[in-house]
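What follows is a set of notes on a single structure, which appears directly below.
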Amino acid sequence: MTKRVHSREVETAARTLLAERGVTIPDIAEIVFEMQSPFSPNLTMTECIESVDKVLTKREIQHALLVGIELDILAEKKLLSEPLQAIVEMDEGLFGVDETIALGAVFGYGSIAVTTFGHLDKYKLGIIRKLDTKTNEGVHTFLDDLVASIAANASSRLAHRLRDQEERLSKEEIALNDQEEKIG
Ligand code: MG
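Residue numbers (our numbering): 30 to 213.
What follows is the structure, given as structure tokens:
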């Protein structure tokens with residue numbers, strides 16, 4: 030039987046893959062800022078970066094990243110079986126499994142994450158649009174949706190944290206909320 034993989038290894042792999050595919054945490058934080066700043070005039074990029082970083086500690090997100098990016102890479106190397114190879118490579122409009130995996134990874138952050146994901150899927154802000162543009166080099170069929178998922182989660186997380194701060198929850202209470210389970 031294969032040995033169970035340590036969570037640290039999974040997190041490192043997910044973060045490394047994201048970076049190798051050309052997506053940085055500030056890239057995603059910019060989308061979060063655009064989504065949340067209309068609701069929070071004092072919002073800073075630092076808060077958005079921190080929120081994206083926290084979302085990347087969640088196992089559900091890490092697992093979705095590993096699966097989706099792997100399929101993008103295999104399609105790039107033309108290693109998938111047909112007809113899946115052609116479908117993923119051309120980012121076939123009716124495929125939808127890329128959105129399904131990414132959508133599955135937003136449920137842990139509640140309704141704001143779900144509706145924000147829908148918005149990002151439709152309007153493709155920032156780096157999402159860059160990845161979705163098919164003239165770009167490489168296959169990013171899964172990655173664009175995964176980035177939307179991370180941005181949506183980080184937006185929702187931030188909305189809830191900002192409310193905690195407005196309600197002047199103590200530092201300890203906010204820290205406790207931050208130490209939530211890694212299932213999100
Ligand atoms: Mg896609």
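For each residue, glycine too, the CB sits at the ideal point set by N, CA and C.
None of the values given here were measured: they were computed from a predicted structure.
Worksheet item: Straight-line CA distance for V39 to L95?
Response: Residue 39 sits at position 10 when you count from the first residue of the sequence shown. Residue 95 sits at position 66 when you count from the first residue of the sequence shown. Approximately 8 angstroms between the Cα atoms of the pair.
Worksheet item: Going along the chain, which residues put their C-beta within less than 7 angstroms of some heavy atom in ligand 1?
Response: D120, D127, E128, D161, T170, F171, D173, D174
Worksheet item: Exposed or buried, H169, counting other C-beta atoms within 10 Å across all chains shown (16 or more means buried)?
Response: For the purposes of this step, residue 169 is identified with residue 140 of the sequence shown, where counting begins at 1. That one is buried.
Item to complete: Please check the pair S199 and A93, which I expect to be a contact at CB under 8 angstroms, by giving their CB distance rounded to whole angstroms.
Response: Here residue 199 corresponds to residue number 170 of the sequence shown, with the count starting at 1. Here residue 93 corresponds to residue number 64 of the sequence shown, with the count starting at 1. Not a contact, Cβ separation roughly 33 angstroms.
Item to complete: Return the chain-ordered ranges of every alpha helix (DSSP H) run that is complete within the stretch 150 to 183 and spans a minimum of 4 residues.
Response: 155 to 161
Practice prompt. Return yes when the Cβ of K83 is within less than 9 angstroms of the Cβ of R186, no when it is not.
Written response: By 1-based counting over the sequence shown, the position of residue 186 is 157. By 1-based counting over the sequence shown, the position of residue 83 is 54. Against a cut-off of 9 angstroms, the Cβ pair of K83 and R186 comes out as a contact.
Worksheet entry | Exposed unless 16 or more other CB atoms sit within 10 angstroms - verdict on Q65 | Sequence index remark: in the sequence shown, residue 65 carries index 36 (1-based). It is buried - the Cβ of Q65 has at least 16 other Cβ atoms within 10 Å.
Worksheet entry | Contact set for E153: own chain, Cβ-Cβ below 6 angstroms, skip 5 residues either direction | The count along the sequence shown starts at 1 and reaches residue 153 at position 124. Inspection of the sequence shows that residue 153 is occupied by Lys rather than by Glu. The residues are D161.
Fill in: Selected residue, minimal CA-CA separation from T53, among N71, V81, E63
Indexing the sequence shown from 1 puts residue 53 at position 24. Minimum Cα distance to T53 is reached at V81.
Worksheet entry | Best match in M74, G125, A131, L103 for proximity to I90 [C-alpha to C-alpha] | Along the sequence shown, read from residue 1 onward, the residue named residue 90 stands at position 61. Per the Cα distances, A131.
Worksheet item: What are the boundary residues of the alpha helix (DSSP H) that V22 is part of?
Response: Here the chain has residues from 30 to 213 only, and residue 22 is not among them.
Discussion item. Taking 8 angstroms as the limit between beta carbons, can you name the residues of its chain near V143, skipping five residues before and five after?
Written reply: Here residue 143 is taken as the residue at index 114 of the sequence shown, counted from 1. Around V143: L132, V135, F136, A181.
Worksheet item: Thinking just about the alpha-carbon of each residue, which of E118, G155, V61 is nearest to the one in M245?
Response: The chain is shown from 30 up to 213; residue 245 falls before or after that span and cannot be answered.
Worksheet item: Taking K87 as the reference, which of L123, L100, T41, D101 has the closest Cα?
Response: In the sequence shown, counting from the first residue as 1, residue 87 sits at position 58. The candidate whose alpha carbon is nearest that of K87 is T41.
Worksheet entry | Residue environment, R33, which counts as buried when at least 16 other CB atoms sit within 10 Å | As a first step, residue 33 is located in the sequence shown; it is residue number 4 there, counting from the start. So R33 counts as exposed.
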